[in-house]
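Here the numbering used here is used: the first residue of the sequence shown is 1381, the next is one more, and so on.
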Amino acid sequence: MDGIKILATFSVIVLFYKLFTYSKKGGVSQKEAVKALLKTEFREFELVEKEQLTHNTAKYKFKLADESHVLGLPIGQHITVKTIIGGKPVSRSYTPTSLDEECVGFFELLVKSYPEGNISKHIGDMKIGEKINISGPRGFYEYVPNVHKHLAMVAGGTGITPMFQIMKAIARDPSDKTRVTLLYGNVLEEDILLKQELDDLVKQRPDQFKITYLLDKPERDDWEGGVGYVTLDLMKESFPSAEEDVQLLVCGPPGMVSSVKRNAVALGFPRAKPVSKMEDRVFVF
């Protein structure tokens, strides 16, 4: 355990040093860009494009006030969407799938709409030209290259969005040597979101990225991925030892998150805190 404590302390020191030097560099390629987001107030953004991905999931493209603006969202953080439903304000958090460096003048959201969902149904019912209220950035995670040698990721459903964003950032940076192992669970094969984009990232960085897709109910006999839940045994055989320089990132349904946190403790990771901080060995979005 002393080795793990020493590693944790060293990781925190490295993290804050790299955060400092990274911020002094101004991040990547957007030093002078005007940022559209404000933490202190909600701003309106117009829906300009909608791409249906599954029967209940779509990618939504919103334009910014000026085509030279960027959203201003650090990698790994999220935005808050607010609307009025039944005369009452309702809000929910989403992680855009787009990066500021590649999407100037607009941003993209991936949203799964549920019949009983408040915000998700509202977004699903939006027409081109309608506007949405957003503020941010929010969250305690901000990805910085090469802080950890390995990121062990577990995602379920739309919980893939922060993982996808981080992997895209790594793939765009030739100097980033961070390895990623992702376990991504869904009910049916048709529920797998961004699969082509994820597979393309693996092709770009085959020595750095590895993805295992898991299904609760595979519908074809030649399904090559995993079957069932993210178990302790699967995490043990997929991820590096907790004594190595690895951070565990988790995002998905509450039941999955609770199970993964228990498994992480059994594997030697520190117990996840009620509110995760960036320096934590186990971070839950």
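Every residue, glycine too, gets a C-beta built ideally from N, C-alpha and C. This structure is a prediction, so every number in the text was calculated from the model and none was measured.
- Cβ distance (whole Å) where Glu-1510 is taken to contact Lys-1439 below 8 Å: One-based indexing of the sequence shown puts residue 1510 at position 130. One-based indexing of the sequence shown puts residue 1439 at position 59. At roughly 16 Å, the Cβ-Cβ gap does not stay under 8 Å, so Glu-1510 and Lys-1439 are not in contact.
- Per DSSP, cross-strand counterpart(s) of Asn-1566: Taking the first residue of the sequence shown as position 1, residue 1566 is located at position 186. For Asn-1566, which the question treats as bridged, DSSP gives the partners Leu-1595.
- Task: Please name the residue in Glu-1431, Phe-1442, Gly-1452 whose C-alpha comes closest to that of Ala-1416.
- Result: For the purposes of this step, residue 1416 is taken as the residue at position 36 of the sequence shown. Nearest C-alpha to Ala-1416: Gly-1452.
- Item | Identified DSSP bridge partners for Ile-1465 | As a first step, residue 1465 must be located in the sequence shown, where it is residue number 85. Paired residue(s): Lys-1468.
- Item | Run of the beta strand (DSSP E) containing Ser-1515, from where it starts to where it stops | Along the sequence shown, read from residue 1 onward, the residue named residue 1515 stands at position 135. Element bounds for Ser-1515: 1511-1518.
- Task: Specify the secondary structure class of Leu-1417 as computed by DSSP and reduced to three states.
- Result: One-based indexing of the sequence shown puts residue 1417 at position 37. Three-state DSSP puts Leu-1417 in coil, outside helix and strand.
- Message: Is the beta carbon of Cys-1631 closer than 7 Å to that of Pro-1542?
- Response: To locate residue 1542, count along the sequence shown from 1; it is residue 162. To locate residue 1631, count along the sequence shown from 1; it is residue 251. In contact: Pro-1542 and Cys-1631 (Cβ atoms closer than 7 Å).
- Message: Between Ser-1500 and Val-1491, how many whole angstroms is the CB-CB distance? I'm expecting something under 8 Å.
- Response: Taking the first residue of the sequence shown as position 1, residue 1500 is located at position 120. Taking the first residue of the sequence shown as position 1, residue 1491 is located at position 111. Confirmed, about 6 Å.
- Message: With the cut-off set at 7 Å, would you say Leu-1563 and Thr-1538 are in Cβ contact?
- Response: On the sequence shown, residue 1563 is found 183 positions in, with the first residue counted as 1. On the sequence shown, residue 1538 is found 158 positions in, with the first residue counted as 1. Against a cut-off of 7 Å, the Cβ pair of Thr-1538 and Leu-1563 comes out as no contact.
- Should Glu-1447 be labelled buried (16 or more other beta-carbon atoms within 10 Å of its own) or exposed? As a first step, residue 1447 is located in the sequence shown; it is residue number 67 there, counting from the start. Classification of Glu-1447: exposed, given that the 10 Å Cβ count is below 16.
- Query: Does the distance from the CB of His-1502 to the CB of Thr-1475 come in under 7 Å?
  - Reply: On the sequence shown, position 122 is the one that residue 1502 refers to. On the sequence shown, position 95 is the one that residue 1475 refers to. The answer is no: Cβ separation not under 7 Å.
- Which of the three DSSP states, helix, strand or coil, is assigned to Arg-1559? Within the sequence shown, residue 1559 is the residue found at index 179, counting from 1. Arg-1559 falls in the strand class under three-state DSSP.
- Task: Give the DSSP-derived three-state secondary structure of Ala-1438 in the structure shown.
- Result: Along the sequence shown, read from residue 1 onward, the residue named residue 1438 stands at position 58. Reduced to three states, the DSSP call for Ala-1438 is strand.
- Taking C-beta to C-beta, are Phe-1619 and Thr-1561 nearer than 7 Å? Looking up residue 1619 in the sequence shown gives position 239. Looking up residue 1561 in the sequence shown gives position 181. Yes, these two residues count as a Cβ contact at 7 Å.
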